[in-house]
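Residue numbering for the sequence shown follows the working numbering, beginning at 27 and increasing consecutively. Yeah, the Cβ is synthetic: ideal placement off N, Cα and C, and Gly gets one too.
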Amino acid sequence: MVSLLAIGIQNSNREKIECAFKDAENIYKTFEIVLKREFKKYCSICVKDINELGLMNILSLIQNSLDENDIFVFYFSGHGTNEANGHLKLVLNDKEYSFSQIVTLLGQFSGKVVIILDCCYSATGICEINRDNVYCDKNISLIASNSAVESADFVNKGSIFTNNFCKAIMRLYHKNSTITLKNIIDEASLSYDKKCYIVIGGGDADVVLSNSKEDFTYDIDKILFKLKKSNYDIREMLWYSIDGLTDGTKYDLFQKLVKSKEYGYLLGDSSWRVRRALGSTFGSVYDIEVKKKIVEQLLESDNWTQRCVGYIASRKKIWEKVFIKMKDDIDNKNNPMDIVWLGALYLSQNLGGFEYEEKEIFNSNLTESIWGAIEIWKFFLKEINTREKLIIFKDNLDENIYQELCLHLFFTEEVIEIDFKQYNPLIQKYQKQFKQLYKAKKRGPTQVSSENKWIWSMIYGNWRDQVDLHKEMEDILNNLRTKEYEEFFQVVQYIPSVEIKMAIIDYFIMDNTLNQHGEYIKWAFEEEHPWIFRTALPLFKDNLVKEIKFNRYIYPGAFDVLIECKKIKTKVNIDFNYDDLTKLEAVALKTALENE
């Protein structure tokens, strides 16, 4: 097994190296991802600004945890000095420490030792090892980022050597190649301009860190069968778990789906959450050329759900073909809003380098609802001040939608004054409470690795603008008179924010003590937005029979409502035009409903 001590010295008696600890973290994370069970986490550590005593203590503890079959990796990012006598010193937090002393200590370790130095004059370390012939006698191998007379190259995002070293390991892993010291250096040399130096100790030809082979051969047919037979909660988790496999396995799975008549529809799942998991999985493909092949194949599909998966997979950095397709999908009035909205979101985040007149977004169906108008306000024209932006929106929106937008901006305090005569009379009375709700913290981007995204979503919400109003609602209700409860909840239906309406409904669902007030929010079933309706279903599933029709060209989420209704066995009758669906959509939706 492999254990690692990754050291980053940012602060010492020399010039600060801002990225040193990031380098150490990068090495640690890369080893953790690639080595998996071969990584001896219980005796591996990433440390910042360590002093001599701390270093000695950690090395002593690690030494006692190793056996003759282990490989110990000592990584250092920081300042190195080249003494007049040709000896290398590593600059710790409190002093300059002789490299030869470190070699003497590491020479007492069981098993093999690998030293990786990312500091100035690092190849001097090889000279020292060669001088005493230690690398043969003590089984110590060493990799140096540069020559004995060169300084190391650091930028804000990290050392150029370490970044390339880690990327090389990841490329080897995703190619399913054996990860050895020489293979890493050869792979890194493809993108690292400087020459790095390596010696292999113990008389060996190379040091193998990992064979980087999958633990077992994945039966792709069985994976597909499980996906087909599982409900959307399980499908979401399965796709996120696939995220951890190599590029080769993911690509083989993708090609199997593309070519399969039986399972092909799984590439465009009816559930938005599963589509997100699919997109994240294919977006995690490390080799950019392989990722491009997958994304561009998805974007050629006539099925908008598959194109959604392609957009999610490419969202972090789109390229010309993706941009052109996104633009076309946003402008297409016959597209479901799900893909129009998704395309607009990711296009707005990647506008740099593409020719796009932001006012073009007003040609889309996003202008047909207050929800869509708010999304345009959030995504586009960010460089224009509020006054000029309002003029553009007024010229391009229906008058009623524009007035609703102004009310929304008043609650966000982007607009200071509005004419309350244009709104429900109670809006003015409860403006303070609504402003309080609008200030609630949003979930924000996902902060965890892909395989844990479903857990994160379950706890913090399914999309970045989702809010939890539990604290704010308790504060508001504690300061309202009981007879004002009904009045307050009734006027909630007139505020423009879909997220806040959903969060208020969630509050009722989570706090059973307030179930007696449920009748105050029956307006949720008059809402045209499927997200609000879907959120309210658990409150009234047993005692409300109602027909409702969604316009899927103006609002996203119609499929998810159908799936949720089936899941909780509600009596609500959804008036949905199945004849409007493409063949692939119909198969995917039918299968999703059957599995719930």
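Checklist entry - Distance, Cα to Cα, Leu423 vs Thr393? => result On the sequence shown, residue 423 is found 397 positions in, with the first residue counted as 1. On the sequence shown, residue 393 is found 367 positions in, with the first residue counted as 1. Answer to the nearest angstrom: the Cα atoms are 6 Å apart.
Checklist entry - Shortest alpha-carbon distance to Tyr25 belongs to which of Tyr520, Asp269, Glu513? => result Here the chain covers residues 27 to 622 and nothing more, so residue 25 does not appear.
Item to check | Residues bridged to Asn108 [DSSP beta-bridge criterion] | outcome: Working through the sequence shown from its first residue, we reach residue 108 at position 82. Paired residue(s): Leu114.
Checklist entry - Looking only at its own chain, which residues have a Cβ that is under 6 Å from the Cβ of Ser173, when we skip the five neighbours before and after it? => result Along the sequence shown, one-based indexing puts residue 173 at 147. Correct list, in chain order: Ala149.
Checklist entry - Cβ atoms of Asp357 and Ile365: under 8 Å apart, would you say? => result Locating residue 365 in the sequence shown gives position 339, where the first residue counts as 1. Locating residue 357 in the sequence shown gives position 331, where the first residue counts as 1. No.
Item to check | Gln457 versus His496: straight-line alpha-carbon distance, rounded | outcome: Here residue 457 corresponds to residue number 431 of the sequence shown, with the count starting at 1. Here residue 496 corresponds to residue number 470 of the sequence shown, with the count starting at 1. Straight-line Cα distance between these residues: approximately 19 Å.
Next on the checklist: Checking 8 Å against the spacing of the C-beta atoms, do His113 and Ser126 come in under that value?
Outcome noted: Here residue 113 refers to the residue found at position 87 when the sequence shown is read from its first residue. Here residue 126 refers to the residue found at position 100 when the sequence shown is read from its first residue. Yes, the Cβ-Cβ distance between His113 and Ser126 is below 8 Å.
Next on the checklist: To the nearest angstrom, how far is the alpha carbon of Ala550 from that of Leu253?
Outcome noted: As a first step, residue 550 is located in the sequence shown; it is residue number 524 there, counting from the start. As a first step, residue 253 is located in the sequence shown; it is residue number 227 there, counting from the start. Roughly 33 Å separates the two Cα atoms.
Item to check | Reduced DSSP secondary structure (H/G/I, E/B, other) of Glu346 | outcome: Indexing the sequence shown from 1 puts residue 346 at position 320. Shown here, Glu346 sits in a helix according to DSSP, grouped into three states.
Checklist entry - Among residues of its own chain, excluding the 5 on either side of Asn39, which ones have a beta-carbon nearer than 6 Å to its beta-carbon? => result On the sequence shown, position 13 is the one that residue 39 refers to. Closer than 6 Å at Cβ, skipping near neighbours: no residue.
Checklist entry - Is it buried or exposed for Asn119, if we count other Cβ within 10 angstroms and need 16 for buried? => result As a first step, residue 119 must be located in the sequence shown, where it is residue number 93. With 16 or more other Cβ atoms within 10 Å, it is buried.
Item to check | Three-state class that DSSP yields for Tyr520 in the structure shown | outcome: Along the sequence shown, one-based indexing puts residue 520 at 494. Of the three classes helix, strand and coil, the one that applies to Tyr520 here is helix, per DSSP.
Checklist entry - Would you report the Cα separation of Lys342 and Asp313, rounded to the nearest angstrom? => result Here residue 342 refers to the residue found at position 316 of the sequence shown. Here residue 313 refers to the residue found at position 287 of the sequence shown. Their backbone Cα atoms lie some 14 Å apart in a straight line.
Item to check | Cβ neighbour criterion (16 or more within 10 Å) applied to Lys248 | outcome: Within the sequence shown, the letter at position 222 stands for residue 248. Counting Cβ neighbours within 10 Å, Lys248 comes out exposed, since fewer than 16 surround it.
Item to check | Where Ile205 falls: helix, strand or coil (DSSP) | outcome: Indexing the sequence shown from 1 puts residue 205 at position 179. In this structure, Ile205 counts as strand in the three-state DSSP scheme.
Checklist entry - Which term fits Ile481, buried or exposed, when burial requires 16 or more other beta carbons within 10 angstroms of its beta carbon? => result Within the sequence shown, residue 481 is the residue found at index 455, counting from 1. Ile481 comes out exposed.
Checklist entry - Is the CB-CB distance between Cys192 and Asn52 below 8 Å? => result Position 166 of the sequence shown, counting from 1, holds the residue named residue 192. Position 26 of the sequence shown, counting from 1, holds the residue named residue 52. A Cβ-Cβ contact shorter than 8 Å links Cys192 with Asn52.
Item to check | Option nearest Lys115 by Cα separation, candidates Gly133, Tyr372, Ile152 | outcome: For the purposes of this step, residue 115 is identified with residue 89 of the sequence shown, where counting begins at 1. Measuring from the Cα of Lys115, the nearest candidate turns out to be Ile152.
Checklist entry - Tell me, which residues are paired with Gly629 by DSSP? => result Outside the shown range of the chain (27 to 622) lies residue 629, about which nothing can therefore be said.
Next on the checklist: Within the continuous beta strand (DSSP E) that includes Asp144, where are the two ends?
Outcome noted: Within the sequence shown, the letter at position 118 stands for residue 144. Counted as a single uninterrupted DSSP element, the beta strand (DSSP E) harbouring Asp144 occupies residues 138-144.
Checklist entry - Is Val175 buried or exposed, if buried means 16 or more other CB atoms sit within 10 Å of its CB? => result Translated into the one-based positions of the sequence shown, residue 175 becomes position 149. Its Cβ having fewer than 16 others within 10 Å, Val175 is exposed.
Checklist entry - Assuming Val524 contacts Trp397 under a Cβ cut-off of 8 Å, what Cβ separation, rounded to an integer in Å, is found between them? => result Taking the sequence shown and counting its residues from 1, the one referred to as residue 524 is at position 498. Taking the sequence shown and counting its residues from 1, the one referred to as residue 397 is at position 371. Correct: roughly 5 Å between the Cβ atoms.
Checklist entry - Could you give the distance in angstroms between the alpha-carbon of Asp241 and the alpha-carbon of Lys62? => result The residue labelled residue 241 in the question sits at position 215 within the sequence shown. The residue labelled residue 62 in the question sits at position 36 within the sequence shown. With a pLDDT of 46 at Asp241, under the threshold of 50, the modelled position of that residue is not reliable, and the figure given next carries that caveat. Between Asp241 and Lys62, the alpha-carbon positions lie close to 10 Å from each other.
Item to check | Classification of Met499 by the beta-carbon crowding that lies within 10 angstroms, buried from 16 upward | outcome: Taking the first residue of the sequence shown as 1, we reach residue 499 at position 473. Residue burial annotation: Met499 is buried, with at least 16 other C-beta atoms found within 10 angstroms of its C-beta.
Checklist entry - Thinking C-beta only, is Gly184 closer than 8 Å to Asp49? => result By one-based count along the sequence shown, residue 49 stands at place 23. By one-based count along the sequence shown, residue 184 stands at place 158. The answer is yes: Cβ separation under 8 Å.
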